[in-house]
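Engineer:
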């Protein structure tokens, strides 16, 4: 299932892994400026699917699991078991 990562999920996932924005940029191959822009949630989201997927893969490789919004609650982030 594809989940569109929100800026809040990205910030929360970084916090779970204790990663700085620079570390996320290094792990994902996405520029620091792009990470900052996505997390700031200012203006239109110009990031592409490949950029979001690179960020998702970096977090998943680090042990993070993203959960979708459903009728029981909002989208979330947790560590894999």
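Residue numbers (the numbering used here): 34 to 114.
For each residue, glycine too, the CB sits at the ideal point set by N, CA and C.
Taking three-plus beta-carbon pairs below 8 Å as touching, is the stretch 81 to 88 in contact with the stretch 96 to 107?
Structural biologist: No contact exists between the stretch 81 to 88 and the stretch 96 to 107.
Engineer: For the alpha helix (DSSP H) that residue 98 lies in, which residues bound it at each end?
Structural biologist: By 1-based counting over the chain shown, the position of residue 98 is 65. That residue, residue 98, is in no alpha helix (DSSP H); its beta strand (DSSP E) goes 97 to 100.
Engineer: By the DSSP assignment, the beta strand (DSSP E) with residue 111 in it spans what residues?
Structural biologist: Position 78 of the chain shown, counted from the start, is the residue given in the question as residue 111. Element bounds for residue 111: 109 to 112.
Engineer: Buried or exposed, going by whether 16 or more other CB atoms sit within 10 Å of the CB of residue 55?
Structural biologist: Translated into positions along the chain shown, residue 55 becomes position 22. So residue 55 ends up on the exposed side.
Engineer: Which two residues bound the contiguous alpha helix (DSSP H) that contains residue 36?
Structural biologist: Here residue 36 refers to the residue found at position 3 when the chain shown is read from its first residue. Unbroken run through residue 36: none, as it is neither H nor E.
Engineer: To which residues of the same chain is residue 77 closer than 7 Å at the C-beta, ignoring the five residues directly before and after it?
Structural biologist: Here residue 77 corresponds to residue number 44 of the chain shown, with the count starting at 1. The pLDDT assigned to residue 77 is 48, lower than 50, so where the model puts this residue is not dependable, and the model offers no usable value.
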